[in-house]
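Trainee: Before I ask anything, here is the structure I am working with.
There are 2 protein chains.
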Amino acid sequence: MIPSFDDIKSTVKRVQPYVHNTPVLTSRIINEKTHADVYFKCENFQRMGAFKMRGAVNAIQQLSKHERANGVITHSSGNFAQALALAASTLDTKAYIVMPSNAPTVKVNAVLDYGAEVIMCNPTLDDREKTCGQIQERTNATFIHPSNDLNVILGQGTAAWEFINEVDDLDTLIAPVGGGGLLAGTAITTHYLLPESETIGSEPFGADDAYLSLKMGKIQPSINPVTIADGLKTQLGDINFPIIRKFVSNIIRVEESEIIAAMRFVWERMKIIIEPSSAVAVAALFRKNKRFIKRRIGIIITGGNVDLDNLPF
Amino acid sequence: MIPSFDDIKSTVKRVQPYVHNTPVLTSRIINEKTHADVYFKCENFQRMGAFKMRGAVNAIQQLSKHERANGVITHSSGNFAQALALAASTLDTKAYIVMPSNAPTVKVNAVLDYGAEVIMCNPTLDDREKTCGQIQERTNATFIHPSNDLNVILGQGTAAWEFINEVDDLDTLIAPVGGGGLLAGTAITTHYLLPESETIGSEPFGADDAYLSLKMGKIQPSINPVTIADGLKTQLGDINFPIIRKFVSNIIRVEESEIIAAMRFVWERMKIIIEPSSAVAVAALFRKNKRFIKRRIGIIITGGNVDLDNLPF
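Chains C and H are the protein sequences, given in the same order.
My numbering applies: residue 2 is where the first sequence begins, and numbers increase by one.
My numbering applies: residue 2 is where the second sequence begins, and numbers increase by one.
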């Protein structure tokens, strides 16, 4: 099921009051290095530090009054946990977040600070799902998936909407792909606003299930993904994959060393903090530089939530 | 000698074509934490990563054609070395930079990348000055002081000009003070544009010569300053001190632990990279929070040049 242009427009109206219209930055050094005009949509400056706030806000708003009264639930140790917690408190909804017992304390505290109820479970997918099920039985809370949910996908697409409306004539948008919510949302939005432009995904070699899925024409499981870009370890879903298959022209894979180098380059030269998942998109630009020369490139910087005590450099 | 309003205006015209009008950022979290409206003028996004570009550009432009043909010279291991090198290459002037042999390789490389000639010397002030003198004798290059120079002071003041023109009704501007060029330039500009507002300096306890000088009414030597904010170890000069004495209402001193905590807070919450000297101004806001409640505060983020291999956290 492919969303319509009207779906996109009504999502923007719903989401915009609750999120920052994040700034677009440019870097003379990166333009000189790549011989391209590169624009960075800085979702690291978004509320809770990542684009995921957009999808969470949209998903909660699409619930009925009755559903909202019962609250929302997800399991996540990453940005979506914080996003759903903050979106829920912003929209006066109760959030239950199931987190694995090995989640960093700083992330658990952030979710608690946003007012959610945190339920710990063992760090296996089985136990995460089982715990979620138990809480749902007790509370009737609605489960919101971090990426394989049409309303989440549409919400994430609002970043591309703002981007395309601020920067004229982008030839290419590049977004990293993990679960696929951002990439699908970016691709469908770009399809309607800039039908002549292309959306490209970027992915670590160590977690390249989206690349393989696109190549095989059906979803490939993500088996033991290994990458510093921990936000990209999750796998594609059956709701976002058809959108990605239809509207994404290509997925560029990058090495771990390229991710770390791109992350450091952006920190040192642009003076902004980006997380490894964001650096994957920058690394894709650097790796396949030749194909982007003289073009107008938009890169979605997905977030800036890093652990300063565990930097890769 | 106090510059006139016309001096300020003509400096802005001279400098603006060669520098970025850097963005002003705000942070909901910092506003909530301080109960104030806080604006950050992000000179970490300036060319070469710090406000010092402004003063260097202005100083070179004020030279005669003959002087410019002979080039400019300074001794510095910090941001002014890069600033003078980049300003000189931007303005088609030759730059000689005398650097101590213990300067980090990354800084020497940055200066070389900007096209300057780097002359190494022993890491003592004596040898720096002696080496400068020898090069001047040979080349007739004009010495540009990093802070105790009226054209440098006026150039640094252009950051406050942009700031005040972008954000209405600032009650207070806060800038860190090392050599005093930025603080003097900010204070004189604020005096003309916002005569009812105050300019406050901020300084580490471990390098508080400006605080002591203001208190005693005459310049106090900076003896063995110890602070992580290495840009603030230099001492006030006889050209900027009279301006600071006349137009700066107060200097707030902060502890090293406060500097590091403020730096980390800004990195984690605002997702921008600021250097320790910039964190000194943020730490001053946090330390003396009570006096800023409900006020409109402008903080000059001086730069973002940090060594990622030597972070204090």
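Glycine is no exception: its CB is placed at the ideal position from the N, C-alpha and C atoms.
Mind checking if K34/H is an interface residue toward chain C, Cβ cutoff 8 Å exclusive?
Mentor: Taking the first residue of the second sequence as position 1, residue 34/H is located at position 33. No, no contact with chain C.
Trainee: Given a limit of 8 Å on CB to CB distance, which residues of the stretch 299 to 311 of chain H reach chain C?
Mentor: Going along the stretch 299 to 311 of chain H in chain order, one finds G305, L309, D310 with a Cβ nearer than 8 Å to chain C.
Trainee: Going straight from the alpha carbon of D127/H to that of N80/H, what length do you get?
Mentor: To locate residue 127/H, count along the second sequence from 1; it is residue 126. To locate residue 80/H, count along the second sequence from 1; it is residue 79. D127/H and N80/H: Cα-Cα distance of roughly 20 Å.
Trainee: Starting from K42/C, trace the beta strand (DSSP E) both ways and give me its first and last residue.
Mentor: Here the question's residue 42/C lines up with position 41 in the first sequence. Its beta strand (DSSP E) spans residues 38 to 43.
Trainee: Report the three-state DSSP secondary structure of F144/H (helix, strand or coil).
Mentor: As a working mapping, residue 144/H is identified with position 143 in the second sequence. Strand, per DSSP.
Trainee: G116/C: buried (16+ other C-beta within 10 angstroms of its C-beta) or exposed?
Mentor: Within the first sequence, residue 116/C is the residue found at index 115, counting from 1. That one is exposed.
Trainee: Give the residues of chain H in contact with F52/C, contact being defined as C-beta atoms less than 7 Å apart.
Mentor: Position 51 of the first sequence, counting from 1, holds the residue named residue 52/C. Per Cβ cutoff of 7 Å: no residues; F52/C is ~13 Å from chain H at best.
Trainee: Do the CB positions of G158/C and T200/C come within less than 8 Å of each other?
Mentor: To locate residue 158/C, count along the first sequence from 1; it is residue 157. To locate residue 200/C, count along the first sequence from 1; it is residue 199. Not a contact, by the Cβ cut-off of 8 Å.
Trainee: In the DSSP assignment, find the unbroken alpha helix (DSSP H) run with L1/H in it and report its ends.
Mentor: Because chain H is modelled from 2 through 314, residue 1/H falls outside the range shown and cannot be assessed.
Trainee: Residue range of the alpha helix (DSSP H) that R48/C falls in?
Mentor: Within the first sequence, numbered from 1, the residue matching residue 48/C stands at position 47. That residue, R48/C, is in no alpha helix (DSSP H); it is neither H nor E in DSSP.
Trainee: Give a yes or no on whether the minimum CB-CB distance between P24/C and chain H is below 8 Å.
Mentor: Position 23 of the first sequence, counted from the start, is the residue given in the question as residue 24/C. For P24/C, the answer is yes, since a Cβ of chain H falls inside 8 Å of its Cβ.
Trainee: Between the C-alpha atoms of S11/C and P243/C, what's the straight-line distance to the nearest angstrom?
Mentor: On the first sequence, position 10 is the one that residue 11/C refers to. On the first sequence, position 242 is the one that residue 243/C refers to. Spanning the two alpha carbons is a distance of roughly 22 Å.
Trainee: Are the Cβ atoms of V73/C and T94/C separated by less than 8 Å?
Mentor: Taking the first sequence and counting its residues from 1, the one referred to as residue 73/C is at position 72. Taking the first sequence and counting its residues from 1, the one referred to as residue 94/C is at position 93. In this structure, T94/C lies closer than 8 Å to V73/C by Cβ.
Trainee: Can you tell which of N152/H, H146/H, E118/H has the C-alpha that lies nearest to the C-alpha of T140/H?
Mentor: Position 139 of the second sequence holds residue 140/H. Checked all of N152/H, H146/H, E118/H; the closest Cα to T140/H is E118/H.
Trainee: Less than 8 Å between CB atoms is the rule here; does K272/C satisfy it with respect to chain H?
Mentor: Indexing the first sequence from 1 puts residue 272/C at position 271. Yes, its Cβ sits closer than 8 Å to a Cβ of chain H.
Trainee: Count the other CB atoms within 10 Å of the CB of Q135/C; is the residue buried (16 or more) or exposed (fewer)?
Mentor: Looking up residue 135/C in the first sequence gives position 134. Exposed.
Trainee: Have a look at the DSSP bridge pairing and note the partners of M1/H.
Mentor: The requested residue 1/H does not occur in the structure, where chain H is confined to residues 2 to 314.
Trainee: Between V281/C, N290/C, D310/C, which lies nearest to G304/C when the distance is taken from Cα to Cα?
Mentor: Here the question's residue 304/C lines up with position 303 in the first sequence. Residue V281/C is the option with its Cα nearest to G304/C.
Trainee: Determine the closest residue to V153/H out of I175/H, A60/H, N110/H, with distance taken between C-alpha atoms.
Mentor: Position 152 of the second sequence, counting from 1, holds the residue named residue 153/H. Checking every option, the nearest Cα to that of V153/H belongs to A60/H.
Trainee: From R129/H to G207/H, what does the alpha carbon distance come to, in whole angstroms?
Mentor: Counting from one through the second sequence, the residue named residue 129/H turns up at place 128. Counting from one through the second sequence, the residue named residue 207/H turns up at place 206. Their backbone Cα atoms lie some 24 Å apart in a straight line.
Trainee: How about L184/C and G202/C: do their beta carbons lie closer than 8 Å?
Mentor: Within the first sequence, numbered from 1, the residue matching residue 184/C stands at position 183. Within the first sequence, numbered from 1, the residue matching residue 202/C stands at position 201. Going by C-beta atoms, L184/C is nearer than 8 Å to G202/C.
Trainee: Kindly identify the DSSP beta-bridge partner or partners of V255/H.
Mentor: Residue 255/H sits at position 254 when you count from the first residue of the second sequence. V255/H is bridged to P205/H.
Trainee: Run through chain H and tell me which residues come within less than 7 Å of R265/C, C-beta to C-beta.
Mentor: Counted from its first residue, the first sequence places residue 265/C at position 264. Near R265/C (Cβ distances below 7 Å), the residues of chain H are L309.
Trainee: Could you give the DSSP three-state label for L126/C: helix, strand or coil?
Mentor: If you number the first sequence from 1, residue 126/C lands on position 125. The answer is helix: DSSP assigns L126/C an H, G or I state.
Trainee: Helix, strand or coil, according to DSSP, for S102/C in the structure here?
Mentor: The residue given as residue 102/C occupies position 101 in the first sequence. It is coil, neither helix nor strand.
Trainee: For F314/H, count neighbouring Cβ atoms within 10 angstroms of its own Cβ and tell me buried if that reaches 16, exposed if not.
Mentor: Mapped onto the second sequence, residue 314/H falls at position 313. The residue is exposed, with fewer than 16 neighbouring Cβ atoms inside 10 Å.
Trainee: Please list the partners that N45/C has in chain H, where partner means a Cβ-to-Cβ separation under 7 Å.
Mentor: Position 44 of the first sequence, counted from the start, is the residue given in the question as residue 45/C. Those within 7 Å of N45/C in chain H are K272.
Trainee: Give me the subset of the stretch 242 to 257 of chain C whose CB atoms are less than 8 Å from a CB atom of chain H, sorted by chain position.
Mentor: The residues in question: there are none.
Trainee: Taking 8 Å as the CB-CB limit, is E163/C close to chain H?
Mentor: Start at 1 with the first residue of the first sequence, and residue 163/C comes out as number 162. No, its Cβ sits nowhere closer than 8 Å to a Cβ of chain H.
Trainee: Could you tell me how far apart the beta carbons of V25/H and F164/H are, in whole angstroms, since I believe they sit closer than 8 Å?
Mentor: Position 24 of the second sequence, counted from the first residue, corresponds to residue 25/H. Position 163 of the second sequence, counted from the first residue, corresponds to residue 164/H. Right, their Cβ atoms sit about 7 Å apart.
Trainee: Counting only C-beta atoms, is E269/H closer than 8 Å to chain C at any point?
Mentor: Here the question's residue 269/H lines up with position 268 in the second sequence. It does; some Cβ of chain C falls within 8 Å.
Trainee: In chain order, what are the residue ranges of uninterrupted alpha helix (DSSP H) at least 4 long that sit wholly in the stretch 227 to 280 of chain C?
Mentor: List check, alpha helix (DSSP H) in window: 241 to 248, 257 to 271.
Trainee: So which residues of chain H does F389/C contact, with C-beta pairs closer than 8 Å?
Mentor: Outside the shown range of chain C (2 to 314) lies residue 389/C, about which nothing can therefore be said.
Trainee: Quick test of the definition: if touching needs 3 or more C-beta pairs under 8 Å, does the stretch 168 to 178 of chain C touch the stretch 280 to 297 of chain C?
Mentor: Yes: the two stretches touch, three or more of their Cβ pairs being nearer than 8 Å.
Trainee: Just to make sure I have the definition right: I need the residues of chain H whose C-beta is within less than 9 Å of the C-beta of F314/C. Which are they?
Mentor: Here residue 314/C is taken as the residue at index 313 of the first sequence, counted from 1. The answer, in chain order, is L309, D310.
Trainee: Looking at the strands, I want to know which residues DSSP matches up with H76/C.
Mentor: What you label residue 76/C is simply residue 75 of the first sequence in a count that begins at 1. H76/C pairs with V99/C.
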